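>
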Ligand code: BQF
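In our numbering, the protein residues as written are 7 to 301.
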């Protein structure tokens, strides 16, 4: 089999066009959705993510408040900025770009964000609501994966889904979302990780394999059932002298070999990544709507 490629960039662009219309309608009512963005330090990958998110906001008419702080910023000063954004009516969503420098307690900062502005969905209140099936801001990357599957016409109901990776940002919430009692979820979920005895024995049974391990070539063709759907959440930078940046992005999946056995596959770049940013825009627009009692 030769897999069809799921065009995440195209699906993301379709959703962004829908959101742009929603934002235009909000603006006609005097409402401009706003995102407060905080980057601490100058990690090149983090700078590129924050820049991409702010550009995406501008393209659909979301106001963004850009805050780039030095790596030495104290936890106290960061918490003060979060608190200022919590009480700023122009800000509907607060994005603290992760990872934070080691001297700052990440959990403490996430806990300081007002849950009504928690557009990344990392606050324990959001996580708790999500796990118990209440309305909540969904974390952007798992939500991106669900939307990609949905918009590509892939049913998860009754499907055997194997997730490789158990992070708090991707694997763990994705497992919860896919096992939810809902026609758009209802999957049978297995989560594999670094202590799993035989990852291939699990992935080989799967109708849908989702790689979120953070390591290139974690998934190879011999680990995939013929005709399976394969989603690559990995974003890894590898040196490439032919690029002017000096690097290129690759996923966690050996695309070359896996695309010969899968029926559908996401590429990197241009797969889950652009959808992740789109879900951040979605949550920010939803937050602006709720702040103004619009459903
Ligand atoms: C693409 C992220 C690891 C750790 C922290 C588009 C993004 C990436 C790729 C992007 C990511 C990864 C983000 C592509 C945001 C996804 O075209 O393939 C967009 O900006 N991402 C992040 O904010 O923090 C991370 C990965």
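Idealized CB from N, CA, C, for every residue including glycine.
These figures come from a predicted structure and were not determined experimentally.
1) Is it right to say residue 229 is buried, meaning 16 or more other beta carbons lie within 10 angstroms of its own, or is it exposed?
2) For residue 69, which beta-bridge partners are listed by DSSP?
3) Measuring straight from C-alpha to C-alpha, what distance separates residue 54 and residue 103?
4) Between the C-alpha atoms of residue 70 and residue 62, what's the straight-line distance to the nearest angstrom?
5) Taking the straight line between their C-alpha atoms, what separation do you get for residue 44 and residue 7?
6) When every heavy atom of the ligand BQF is checked, does at least one fall within less than 6 Å of the C-beta of residue 282?
7) Evaluate residue 250 with the Cβ neighbour count: other Cβ atoms within 10 Å of its Cβ, from every protein chain shown; 16 or more gives buried, anything less gives exposed.
8) When burial is assigned at 16 or more other CB atoms within 10 Å of the CB, is residue 57 buried or exposed?
9) Which residues in the same chain as residue 194 place their Cβ atom closer than 6 Å to its Cβ, once the five residues preceding and following it in sequence are excluded?
10) Could you tell me whether the segment 286-297 touches the segment 93-102, where touching means 3 or more Cβ pairs closer than 8 Å?
11) Check for me: the alpha helix (DSSP H) holding residue 201 runs from which residue to which?
12) In terms of residues, what are the limits of the alpha helix (DSSP H) holding residue 338?
13) Is the Cβ-Cβ distance between residue 179 and residue 148 less than 7 Å?
14) Compute the distance between the beta-carbons of residue 177 and residue 218, then report whether it is under 7 Å.
15) For residue 18, verify whether its CB is less than 6 Å away from any heavy atom of the ligand BQF.
16) Whole angstroms are fine: how far does the CA of residue 237 sit from the CA of residue 156?
17) Between which two residues does the beta strand (DSSP E) harbouring residue 255 extend?
18) For residue 311, which beta-bridge partners are listed by DSSP?
19) Are the Cβ atoms of residue 212 and residue 263 separated by less than 7 Å?
20) If you drop the 5 nearest sequence neighbours on each side, which residues of the same chain put their C-beta closer than 6 Å to that of residue 142?
21) What is the DSSP secondary structure of residue 5, reduced to helix, strand or coil?
22) Which residues does DSSP list as the beta-bridge partners of residue 216?
23) CB residue 117 to CB residue 128, shorter than 7 Å?
24) Nearer than 6 Å: is that true of the beta carbon of residue 55 relative to any heavy atom of the ligand BQF?
25) Run the proximity test for residue 58: is its beta-carbon closer than 6 Å to any non-hydrogen atom belonging to the ligand BQF?
26) Between residue 269 and residue 233, is the Cβ-Cβ spacing less than 7 Å?
27) Apply the 10 Å Cβ neighbour rule to residue 123 and answer buried if 16 or more other Cβ atoms are within range, or exposed otherwise.
28) Between the C-alpha atoms of residue 49 and residue 169, what's the straight-line distance to the nearest angstrom?
29) Excluding the 5 residues flanking residue 37 on each side, which residues of the same chain have their C-beta closer than 7 Å to its C-beta?
30) In three-state DSSP terms, what is residue 144?
With the given structure in hand:
1) The residue in question, residue 229, is buried, as its Cβ has 16 or more Cβ neighbours within 10 Å.
2) The partner list for residue 69 (beta bridge, DSSP) reads 40.
3) Going from the Cα of residue 54 to the Cα of residue 103 covers about 11 Å.
4) Rounded to the nearest angstrom, the two C-alpha atoms are 10 Å apart.
5) C-alpha separation (whole angstroms): 45 Å.
6) Proximity of the beta carbon of residue 282 to the ligand BQF is indicated: a heavy atom of the ligand is located closer than 6 Å.
7) Exposed is the call here.
8) With fewer than 16 Cβ atoms within 10 Å of its Cβ, residue 57 is classed as exposed.
9) Setting aside the 5 residues that flank it on each side, residue 194 is surrounded in the same chain by 166, each with a C-beta closer than 6 Å to its C-beta; the list follows chain order.
10) Short answer: they touch.
11) Neither: residue 201 is in no alpha helix (DSSP H) and is coded neither H nor E.
12) Beyond the ends of the chain as shown, which are 7 and 301, falls residue 338; an answer cannot be given.
13) Yes, the pair counts as a contact, with Cβ atoms nearer than the cut-off.
14) For residue 177 and residue 218, yes; Cβs fall inside 7 Å.
15) For the ligand BQF, not one heavy atom lies less than 6 Å from the Cβ of residue 18.
16) Residue 156 and residue 237 have their alpha carbons spaced roughly 13 Å apart.
17) 253-256 is the span of the beta strand (DSSP E), which, as asked, contains residue 255.
18) Lying outside 7 to 301, the shown extent of the chain, residue 311 is not represented and no answer is given.
19) With a cutoff of 7 Å on beta-carbon distance, residue 212 and residue 263 are scored as not near each other.
20) For residue 142, where only same-chain residues beyond five positions count, the Cβ hits under 6 Å are 132, 135 and 136.
21) Only positions 7 to 301 of the chain appear in the structure, and residue 5 is not among them; the question remains open.
22) Per DSSP, 169 and 237.
23) Their beta carbons are not under 7 Å apart, which means residue 117 does not touch residue 128 by this criterion.
24) Checking the Cβ of residue 55 against the ligand BQF gives yes.
25) Result yes, Cβ under 6 Å from the ligand BQF.
26) Taking 7 Å as the cut-off, the beta carbon of residue 269 is found closer than this to the beta carbon of residue 233.
27) Buried.
28) Distance between the alpha carbons of residue 49 and residue 169 is about 28 Å.
29) Cβ neighbours of residue 37 beyond the five flanking positions: 294 and 298.
30) Judged by DSSP in its simplified three-state form, residue 144 adopts coil rather than helix or strand.
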